[in-house]
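In our numbering, the protein residues as written are -18 to 184.
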């Protein structure tokens, strides 16, 4: 396939993803608000459980501190939405009566919190697997660990694994759709060439 055709196909795929990725503003606002509230509640719960039982898990003393660190990281990530509202208000006041774009809002967001949230999210994805390993290692011997602390860590581990399975499934589904689309294009191209040859022979 020529390089130009590959580039055109890539650009078309990117434009298609950009079109389908844009959710209605109200729905996107609600999703951000709900995820932020969930993040705050979950982070406070994890920090509280980990701090109260930091000396009540003799089987593996890392688990309570892992809950505290995870809670702090989630709390910082959840700050993205309140700071987003501040950026939206600043951008709206600066550009009134025009409507601010997402770029304008991000530029007006204090401390570039959207970048900090992305960094903390990456840290969260790296630190949670370590806690999953610690949690599963003492599954059969968790009697020396506070019950609420252990099962909280176990629940966080299961939620993360389910989320990872969902993300992998979505990626695989996307790859399959791209592969099927390319295969269909190739089949169509072959049929068109055969039809052109038959037309030339009959002529």
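The beta-carbon is built from N, C-alpha and C at its ideal position, and this holds for glycine as well.
Whose C-beta lies closer than 7 Å to the C-beta of residue i among residues of the same chain, with five residues either side of it excluded?
i           : result
residue 186 : This structure leaves residue 186 out entirely; the chain is present only between -18 and 184.
residue 40  : 119, 122, 123, 125, 126
residue 163 : none
How many angstroms separate the CA atom of residue i from the CA atom of residue j?
i           : j           : result
residue 98  : residue 62  : 10 Å
residue 154 : residue 161 : 10 Å
residue 148 : residue 107 : 15 Å
residue 104 : residue 95  : 14 Å
residue 36  : residue 24  : 20 Å
residue 14  : residue 21  : 11 Å
residue 44  : residue 11  : 33 Å
residue 142 : residue 28  : 21 Å
residue 115 : residue 42  : 10 Å
residue 128 : residue 84  : 46 Å
residue 156 : residue 150 : 10 Å
residue 59  : residue 75  : 26 Å
residue 171 : residue 5   : 40 Å
residue 2   : residue 30  : Legend: pLDDT at residue 2 = 47, less than 50; position of this residue unreliable, value from coordinates given subsequently. If I take the Cα positions, the gap works out to 37 Å.
residue 176 : residue 152 : 36 Å
residue 17  : residue 51  : 15 Å
residue 135 : residue 109 : 11 Å
With burial defined as no fewer than 16 other Cβ atoms inside 10 Å of the residue's Cβ, what is the status of residue i: buried or exposed?
i           : result
residue 125 : exposed
residue 144 : exposed
residue 81  : buried
residue 139 : exposed
residue 54  : buried
residue 137 : buried
residue 89  : buried
residue 38  : buried
residue 169 : exposed
Just grab the DSSP bridge partners of residue i for me.
i          : result
residue 38 : 126
Checking 7 Å against the spacing of the C-beta atoms, do residue i and residue j come in under that value?
i           : j           : result
residue 91  : residue 67  : yes
residue 86  : residue 72  : yes
residue 192 : residue 112 : Look at the range of the chain in this structure, -18 to 184, and you will see that residue 192 is not part of it.
residue 130 : residue 34  : yes
Grab me the residues of residue i's own chain with a C-beta within less than 6 Å of its C-beta, minus the 5 sequence neighbours each way, in chain order.
i           : result
residue 117 : none
residue 179 : none
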